[in-house]
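Only one structure is covered here, and it is reproduced in the block below.
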Amino acid sequence: MATPPSSPEKRLLQLFLVLFTVASCCGFLGLRWLVTRDVHSHSPLPDAAPPPELPGARGIHLGVALVPASTPLAQARTYEWRAESLLPPEYRVAYGLGESLASSLEREHHAYGRRMRFRPLGPARFTYQAPPECEKDMRCIYAELMRSNAEPVHVLGTRFVEHIRAQQLDSLEAAELIITFVQRIHYAEPNGQPFGLLPPALVAAWNEGDCDSKAVLAVMLLRQAGIDAAILYSDPLAHAAVGVALPVRGPPFRLGNRVYRYAELTTEGWPLGMIPPQHDKPHLWKVLPMPEPPGEADSPVDKANTPESGDVK
Numbered sequence: 001m002a003t004p005p006s007s008p009e010k011r012l013l014q015l016f017l018v019l020f021t022v023a024s025c026c027g028f029l030g031l032r033w034l035v036t037r038d039v040h041s042h043s044p045l046p047d048a049a050p051p052p053e054l055p056g057a058r059g060i061h062l063g064v065a066l067v068p069a070s071t072p073l074a075q076a077r078t079y080e081w082r083a084e085s086l087l088p089p090e091y092r093v094a095y096g097l098g099e100s101l102a103s104s105l106e107r108e109h110h111a112y113g114r115r116m117r118f119r120p121l122g123p124a125r126f127t128y129q130a131p132p133e134c135e136k137d138m139r140c141i142y143a144e145l146m147r148s149n150a151e152p153v154h155v156l157g158t159r160f161v162e163h164i165r166a167q168q169l170d171s172l173e174a175a176e177l178i179i180t181f182v183q184r185i186h187y188a189e190p191n192g193q194p195f196g197l198l199p200p201a202l203v204a205a206w207n208e209g210d211c212d213s214k215a216v217l218a219v220m221l222l223r224q225a226g227i228d229a230a231i232l233y234s235d236p237l238a239h240a241a242v243g244v245a246l247p248v249r250g251p252p253f254r255l256g257n258r259v260y261r262y263a264e265l266t267t268e269g270w271p272l273g274m275i276p277p278q279h280d281k282p283h284l285w286k287v288l289p290m291p292e293p294p295g296e297a298d299s300p301v302d303k304a305n306t307p308e309s310g311d312v313k
């Protein structure tokens, strides 16, 4: 998508013109939503851009994240994106996974699918057998992906955390930086993958993922930055997003005494707190709390402005 226009009116017009990209978002959730495509031999797309510095490029480069550290720089992909509320608005980061690690993460994901007796039933449908302690709402599956991909995603998150600390960004600015990065990742349904999900480290390495695949990645990065985040999902709407406990305007999604606001991940530049019209049915959404990540020594953002129930109407 082209760089969002600078004026609010033009920006909102552009956002509504691309609503159809959100409307067809996700094949996922519950006991349905799967399509099939063999991606077992998936390799990075040919436009991967390795250099850590781009001569003449504008904005801030957050650095290079390679996992493992011996991964050739040529296997890294450089992302460029805009966070309009920040100064400067242009950002870059490079991320690369070694081929052996990427294959291992994908094999582990398929092995987990076999343990859960995942079985495709046809276009946009699948079934699996969740253990007794798991709800039939994918939370155990999301949690397993967070566990198995924790280290490679943490290396990427460190690039964001170091910038957030160095620039003393507040929680809203940090969330904007991370969410706009995940919005930048190309939307694509992970066909042929168990549960219609691509592991979060592969979402970042391959520059592709659908709504809930991107949501898992976003929640991991946000939590590493000290921002309370959860997955929002709607089985009836066949869509997933992220909830952030931040003081922004928008419909509230409550879980206990926490209030989360909507963050759309499938459209670049979509404003925090705004729900796309075709998904603006708050009663059809559910907040999925995720397991707490390994703690950071010090949170890079100030949590003092994280709202409790009743804050920010």
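For the sequence shown, full-length UniProt numbering assigns the number 1 to the initial residue and increments by one for each residue that follows. Beta carbons are placed, not taken as given, at the ideal position from N, Cα and C, and that holds for glycine.
Residue i classed as buried or exposed, judged by whether at least 16 other C-beta atoms fall within 10 angstroms
{"i": "G122", "result": "exposed"}
{"i": "D47", "result": "Low per-residue confidence applies at D47: pLDDT is 43, beneath 50, and the placement is therefore not dependable, though the value from the model is reported in the following sentence. The residue is exposed, with fewer than 16 neighbouring Cβ atoms inside 10 Å."}
{"i": "P199", "result": "buried"}
{"i": "P149", "result": "Inspection of the sequence shows that residue 149 is occupied by Asn rather than by Pro. Classification of N149: buried, given that the 10 Å Cβ count is 16 or more."}
{"i": "K214", "result": "buried"}
{"i": "H163", "result": "buried"}
{"i": "P300", "result": "buried"}
{"i": "L284", "result": "exposed"}
{"i": "G256", "result": "exposed"}
{"i": "A166", "result": "exposed"}
{"i": "R254", "result": "exposed"}
Strand pairing of residue i, partner residues [DSSP]
{"i": "P120", "result": "F126"}
{"i": "V244", "result": "A229 and R261"}
{"i": "H287", "result": "Per the sequence shown, the amino acid found at residue 287 is Val instead of His. According to DSSP, which records beta bridges pairwise, V287 is partnered with L232."}
{"i": "R254", "result": "V259"}
{"i": "G209", "result": "Y187"}
{"i": "H239", "result": "S234"}
Contact set for residue i: own chain, Cβ-Cβ below 7 Å, skip 5 residues either direction
{"i": "T114", "result": "Rather than Thr, the amino acid found at residue 114 in this sequence is Arg. Here the set comprises nothing."}
{"i": "R117", "result": "Y128 and Q129"}
Cβ shell of residue i (< 6 Å), same chain only, five flanking positions each side left out
{"i": "G63", "result": "R159"}
{"i": "Q183", "result": "L265 and E268"}
{"i": "P252", "result": "V259"}
{"i": "P68", "result": "G98"}
{"i": "H61", "result": "R92"}
{"i": "Y141", "result": "According to the sequence as given, residue 141 is Ile; it is not Tyr. Within the same chain, I141 has close Cβ partners F195."}
Cβ shell of residue i (< 8 Å), same chain only, five flanking positions each side left out
{"i": "A188", "result": "E208, G209 and D210"}
{"i": "E144", "result": "Y112"}
{"i": "L288", "result": "D137, M138, R139, Y142, A230, I231, L232 and Y233"}
C-beta neighbour in chain D for residue i, strict 8 Å
{"i": "G209", "result": "In the displayed structure, chain D is absent; only one protein chain is listed."}
Quiz item: Which ranges does the beta strand (DSSP E) cover as unbroken runs of at least 3 residues, wholly within the region 58-108, from first to last along the chain?
Solution: 60-67, 77-82 and 90-97
Practice problem: Answer yes if the region 199-208 comes into contact with the region 167-180, meaning at least three C-beta pairs across the two stretches below 8 Å, and no otherwise. | Solution: no
Quiz prompt | Inside the region 155-199 only - alpha helix (DSSP H) runs reaching at least 4 residues | solution = 171-184
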